[in-house]
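Only one structure is covered here, and it is reproduced in the block below.
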Amino acid sequence: MDMAEARKADSLKSARYERLRLLARSWTFMIGLIIVLFWAGCALFGSALVPQDPFNGDLLNTLAPPSADNWFGTDQLGRDVFSRVIVGARDILTVAPLATILGTILGTTLGLITGYFRGLVDESISRVIDAILALPLVIIALMSLVALGTSNTTVVIVIGVFFAPIVARTVRSAVLSERELDYVAAAQLRGENAFYIMFAEILPNIVPPILVESTVRLGYAIFTVATLSFIGFGIQPPSPDWGLAVSESYGLINGGYWWTVMFDACAIASLVVGVNLVADGIQGALES
Amino acid sequence: MSFSRLLLKRLLLSVVTLWLLSLIVFAGAQLLPGDVGRAILGPLADARAVANLNHQLGADRPLIVQYLDWIGHFVIGDMSMSYTFRSPVAPFIINAMLNSLKLAAVAFALVVPLGIGGGVWAALHVGRPLDRLISVIGLSATVLPEFVTGIVLIMIFGVWLDWLPITATAPADADPFTQVYYLLLPSLPLVFVLFGYIARMARAGTIEALDADYTRTAVLKGLPRRTVLWRHVLRNALLPTITVIATQMGYLIGGLVVVEVLFHYEGIGSLIYIAARGKDFPMLEAGILSIGIVYTFATLAADLLYSALNPRIRFGAVE
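These protein sequences, in sequence, are chains A and B. Sequence positions in the first sequence follow our numbering and run 1 to 288. Sequence positions in the second sequence follow our numbering and run 1001 to 1319.
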């Protein structure tokens, strides 16, 4: 490696280090990260750590208020709400990230193709994207899940597929400005084929906007999965999922059994806000 | 480009969007289940019963015929028969749309002044704690699912404080004020979601306008602060906000499903929910396509309003 190259690699490394330092100094990002890591830990190890069985309840001890035995009380089947809230992180933190990954992969491919080829391909795909975006995600996902049948797999596929056009839009606009640069022209003159140029030349240079887009998408994925579970088309019983727990118990709050839904609601709220704080921090660091 | 040509172009694009949307909805409801009769009757049903039902529903015809038949009738306002209610779909859709419109109107009446006010206020105090507070509240409120804020609001205002009714439907023959009173609590989750978007746009627009040359000129020629703000800053600052408000219509409608289910309100969202639960495909298709139509025309109207209010576009200075 000659001197110039070494210096370039060095400055790249220090820029990356600078960004990380900036992130670590942002207290909103750190709070978000701690919340997300906490719930990720619950999703991975929760079932081994919880004090009681989240699936089988004590039928003689239903709807008990919070106490020393049941920190968050028990639900209508006598199941310990605390244990259920901890283990409830698992399904949503499996489904939402997988949907986000699927959406990012599909959307990046679509965005590279539409941005690179432009013309008729771009024009027609963009119209279809506009049509899909004319419907709220929850509604179009609801329709597809009715038709496909609801399971964790179909929820991942449906949300991933409908995220793709949104991701594609961001990637496309990044590709449009990137393809005018000299290195693309150089690759074309070398006679590289289009797919090599798209995936090996352009893609590595547009990673930052894709990263930002996918963290923002993760927030929306959690929002959407929780909402779908609440209306019965997301994660299915007997999972202790939070959205599902709220939908099973919200009729009870009128009778004063607030603990059956309030802890689950707070869990969803903290996770969604946490992911968005992280996304906001990453966006701020990459754009500074 | 002249304004009438712009209008024509946008209108044509909207029609193309709606046509594609109808294809997507048709594909979603007719192709994805594979076998409509089987999807309705379940996996244990007799094959002859399934074939019989498919024949009755016309689902055994070629797809292109089914699509043309469906969309042809839809265009003239005939949305075919509901599987569940055994009666025409259209009256259900119209009634539910009107109810949802009431709920949306209450939410908009609350959130537009709040969002714009909050955004402008934050912009005038940019960098101060109040600005940060409005931004953080806006960001957090926007990302929370409606049912989460809804549950917390029901708990606080409906159960503990007992200030507001927790069902959205007022007693029959209630006067408009009572109806609005019943819709207050259900509209709040929607207000939460929209507040952040609108406030953020209003804030950004105001900051930009405060920085512009025309504002400096207005200040330097000695106009009172109030006049500068109202006649020079806000007029320019709030233009992009109009577009954002209209595009948020779509998210608003998405949120309606959850809010209407949570508060037991008979709007288009709960109608779609009921249709989805009962695999009532004609009702589902009609409801979803109607939402698409409302959304497309709301964005179109906002686009045109924006162009009409923006003299640079109106006089063809920029495209």
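Don't be surprised by glycine CBs; every beta carbon is placed ideally from N, CA and C. Quick caveat, the model's predicted, so the values are computed rather than measured.
What first and last residue would you give for the alpha helix (DSSP H) that runs through residue i?
i: H1073 of chain B; result: L1063 to V1075
i: K1009 of chain B; result: F1003 to F1026
i: Y1083 of chain B; result: Neither: Y1083 of chain B is in no alpha helix (DSSP H) and is coded neither H nor E.
i: R127 of chain A; result: G119 to L133
i: N205 of chain A; result: Note, N205 of chain A: premise wrong, no alpha helix (DSSP H); not H, not E.
i: K1102 of chain B; result: A1090 to L1124
i: Y1295 of chain B; result: F1281 to L1309
i: Y1197 of chain B; result: P1176 to D1211
i: Y257 of chain A; result: Careful: Y257 of chain A lies outside any alpha helix (DSSP H) and carries neither H nor E.
i: N152 of chain A; result: N152 to E178
i: V1152 of chain B; result: E1146 to L1153
i: R190 of chain A; result: D182 to R190
i: Y1273 of chain B; result: I1268 to R1277
i: F29 of chain A; result: W27 to L49
i: W242 of chain A; result: W242 to S249
i: M198 of chain A; result: From DSSP, M198 of chain A is part of no alpha helix (DSSP H); its letter is neither H nor E.
i: P1129 of chain B; result: P1129 to V1143
i: H1055 of chain B; result: A1047 to L1057
i: V1036 of chain B; result: V1036 to L1041
i: M143 of chain A; result: L137 to L148
Could you check if residue i is buried or exposed, using at least 16 other CB atoms within 10 Å of its CB as the buried criterion?
i: V1318 of chain B; result: Only weak support is given to the placement of V1318 of chain B: the predicted model assigns it a pLDDT of 48, under 50, and the question is left unresolved by the model.
i: D264 of chain A; result: buried
i: A68 of chain A; result: exposed
i: A290 of chain A; result: In the structure displayed, chain A extends from 1 to 288; residue 290 of chain A sits before or after that span and is not available.
i: T260 of chain A; result: buried
i: H966 of chain B; result: A query on residue 966 of chain B cannot be resolved here, the shown segment of chain B reaching from 1001 to 1319 and no further.
i: Y17 of chain A; result: exposed
i: L1068 of chain B; result: exposed
i: R179 of chain A; result: buried
i: R1235 of chain B; result: exposed
i: H1055 of chain B; result: exposed
i: L1227 of chain B; result: Reading off the sequence shown, one finds Thr at residue 1227 of chain B, where the question assumed Leu. So T1227 of chain B ends up on the exposed side.
i: R1225 of chain B; result: exposed
i: Y183 of chain A; result: exposed
i: F29 of chain A; result: buried
i: S1187 of chain B; result: buried
i: I1064 of chain B; result: exposed
i: L1238 of chain B; result: buried
i: N1099 of chain B; result: buried
i: A43 of chain A; result: buried
i: S214 of chain A; result: buried
i: L1053 of chain B; result: buried
i: D1175 of chain B; result: exposed
i: A1172 of chain B; result: exposed
i: L277 of chain A; result: buried
i: L1012 of chain B; result: exposed
i: P136 of chain A; result: buried
i: E248 of chain A; result: buried
i: R1086 of chain B; result: exposed
i: T1355 of chain B; result: Examination of residue 1355 of chain B is not possible in this model, given that chain B is present from 1001 through 1319 alone.
i: I1156 of chain B; result: exposed
i: T1296 of chain B; result: buried
i: L110 of chain A; result: buried
i: R1277 of chain B; result: exposed
When DSSP builds the beta bridges, which residues end up paired with residue i?
i: D292 of chain A; result: An answer regarding residue 292 of chain A cannot be provided, because it is not within the stretch 1 to 288 covered by chain A.
Say whether the region 1141-1161 of chain B touches the region 1262-1278 of chain B, bearing in mind that this needs 3 or more beta-carbon pairs closer than 8 Å, one atom from each stretch. yes
Checklist line | Selection of the region 1124-1155 of chain B by Cβ proximity to chain A, strictly under 7 Å | finding: L1139, S1140, V1143, L1144, P1145, F1147, V1148, I1151, V1152, I1154 and M1155
*May I ask you to verify whether the region 1131-1142 of chain B touches the region 1215-1235 of chain B, counting CB pairs closer than 8 Å and requiring at least 3?*
no
| said: Beta carbons nearer than 7 Å to chain B: which residues of the region 122-148 of chain A have them? | reply: R127, V128, D130, A131, I132, A134, L135, P136, L137, V138, I139, L142, M143, S144, V146, A147 and L148
Checklist entry - With a cut-off of 8 Å, do at least 3 Cβ pairs link the region 127-140 of chain A to the region 159-173 of chain A? => result yes
Exercise. Taking three-plus beta-carbon pairs below 8 Å as touching, is the region 1111-1122 of chain B in contact with the region 1200-1212 of chain B?
Worked result: yes
- [ ] Count the CB pairs spanning the region 1187-1198 of chain B and the region 1104-1111 of chain B that are closer than 8 Å, and state whether there are at least three.
- [x] yes
- Query: Any residues in the region 1260-1279 of chain B with a beta carbon nearer than 8 Å to a beta carbon of chain A? Which ones, in chain order?
  - Reply: V1261, L1262, I1272, Y1273, A1276, R1277 and K1279
Checklist entry - If contact means a Cβ-Cβ distance below 7 Å, which residues of the region 1068-1101 of chain B contact chain A? => result none
key: Contact residues within the region 50-72 of chain A, judged by C-beta distance below 9 Å to chain B   = none
- Residues in the region 1163-1183 of chain B with C-beta within 8 Å of chain C's C-beta atoms, listed in sequence order? Included in the structure are the protein chains A and B, with no chain C among them.
- Query: Within the chosen definition, does the region 141-150 of chain A reach the region 1278-1290 of chain B through at least 3 CB pairs nearer than 8 Å?
  - Reply: yes
Between the region 1179-1213 of chain B and chain A, which residues of the former have CB atoms less than 7 Å from a CB of the latter, in chain order?
none
Can you give me, in chain order, the residues of the region 14-45 of chain A that have a beta carbon less than 9 Å from any beta carbon in chain B? T28
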